[in-house]
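Numbering-wise (my numbering), the sequence shown opens with residue 1 and increments by one.
Note that beta-carbon positions come from the ideal geometry of N, C-alpha and C, so glycine has one too.
Heads up: the structure comes next, in structure tokens.
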Amino acid sequence: MPDSPMWCVAMFDLPVLTAPQRREATRFRKFLLDRGFLMVQFSVYVKYWPTGGIDMTTIKAIKGSLPTGGKVRVLAVTDRQWSSAYCFENAREQVADEAPEQLMIF
1 MPDSPMWCVA MFDLPVLTAP QRREATRFRK FLLDRGFLMV QFSVYVKYWP TGGIDMTTIK
61 AIKGSLPTGG KVRVLAVTDR QWSSAYCFEN AREQVADEAP EQLMIF
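As structure tokens, this is what we get:
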């Protein structure tokens, strides 16, 4: 399935007891946003991979940017699995995220 669209899910726990730890946690979250991830929940971020497969460059960058004492799990799910997830907010079902539109460059 390397050509099927995938979603990269990064789930993490970071220490935030001290001010320096909170700064590092904020830096890590901003790092994920700068790499094209979207926040789904406070410690769950996703990135759409239209070409499928695993982007090891992104995985290595996440590993290298993880603050000391932090834990992260990176999971790749198919577009179909992602779109079939049940999402609730305030006890109301929400529509699952759809794949972003592709940008055409001429």
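- Around the beta-carbon of residue 85, fewer than 16 other beta-carbon atoms lie within 10 Å, marking it exposed.
- Residue environment: residue 10 is assigned as buried (16 or more neighbouring CB atoms within 10 Å of its CB, all protein chains considered).
- Residue 76: member of the beta strand (DSSP E) spanning 71-78, first to last residue.
- Residue 8 and residue 72 do not touch by the CB rule: their CB atoms are close to 12 Å apart, not below 8 Å.
- Rounded to whole angstroms, residue 78 and residue 91 show a C-alpha spacing of 26 Å.
- Exposed is the label assigned to residue 56, since fewer than 16 other Cβ atoms lie within 10 Å of its Cβ.
- DSSP places residue 10 in the uninterrupted beta strand (DSSP E) bounded by 6-13.
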